[in-house]
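Scroll down for the structure; my scribbles are underneath it.
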Amino acid sequence: MSETELKECQYCGRKVSKLVPVTADDIQRVYPPRLAWDQACEDCLPKIQAMSRVVPEYSLNRALGYLSTRVPILTAGLASLAVVVTVLSGGTIIARLSPSMFVGIVAVFTGLQIIWVRSRDRYGSTHDLRWSLNSRPVVRGLAVFIAGILVLILAAYLHF
Ligand SMILES: [Zn+2]
Numbered sequence: 298m299s300e301t302e303l304k305e306c307q308y309c310g311r312k313v314s315k316l317v318p319v320t321a322d323d324i325q326r327v328y329p330p331r332l333a334w335d336q337a338c339e340d341c342l343p344k345i346q347a348m349s350r351v352v353p354e355y356s357l358n359r360a361l362g363y364l365s366t367r368v369p370i371l372t373a374g375l376a377s378l379a380v381v382v383t384v385l386s387g388g389t390i391i392a393r394l395s396p397s398m399f400v401g402i403v404a405v406f407t408g409l410q411i412i413w414v415r416s417r418d419r420y421g422s423t424h425d426l427r428w429s430l431n432s433r434p435v436v437r438g439l440a441v442f443i444a445g446i447l448v449l450i451l452a453a454y455l456h457f
């Protein structure tokens, strides 16, 4: 075979007689790779697929374990903060809410914001919601969110 019939694989630089297509699915993206990178040698394709495979970093059990220890700590912390704010403000109503309700709502939105910020980039590149939400920072945000809800419930029932 002459040199001119060989094609260069952009991924490993080798010149081979046959290149195989690299699809969007192979790289776990919405769009196919750009020109010249949309083909690879037969050795490279499995490596590309293996490197692109989206593997959840965080198992459900680990997430639940983290939440079960972190939510009570955060809730206690937020409730203490709510009591301090209530005492310092002398029970002044902030935006029609009691100070402890206010602290709870701030926590809920902070949690949602952490979840949003951490998952949007991943979702943007993979469009895989399961994987996007499956990370430690997102679970951390979820802990803040749940603690905020619990403080709101406590504030409503205990009127502190
Ligand atoms: Zn190659």
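Sequential numbering from 298 applies to the sequence shown in the working numbering.
Here a beta-carbon is modelled for each residue, glycine too, at the ideal position from N, C-alpha and C.
From GLY310, ALA333, GLY438, LEU342, residue whose alpha carbon lies closest to that of GLN325:
LEU342
Margin query: At a cut-off of 6 Å, would you count ALA440 as near ligand 1, judging by its Cβ distance to the nearest heavy atom?
Written below: no
Worksheet item: Cα separation between LEU357 and ILE446?
Response: 21 Å
- request: With a threshold of 6 Å, establish whether the CB of ALA379 neighbours any heavy atom of ligand 1.
  value: no
Less than 6 Å separating the Cβ of TYR308 from some heavy atom of ligand 1? yes
### Query
Can you tell which of ILE450, ALA404, PRO434 has its C-alpha closest to the C-alpha of ALA360?
PRO434
| field | Distance cut-off 6 Å: ALA333 Cβ against heavy atoms of ligand 1 | value | no
*Meets three-Cβ-pair contact criterion under 8 Å: the stretch 365 to 384 and the stretch 437 to 451*: yes
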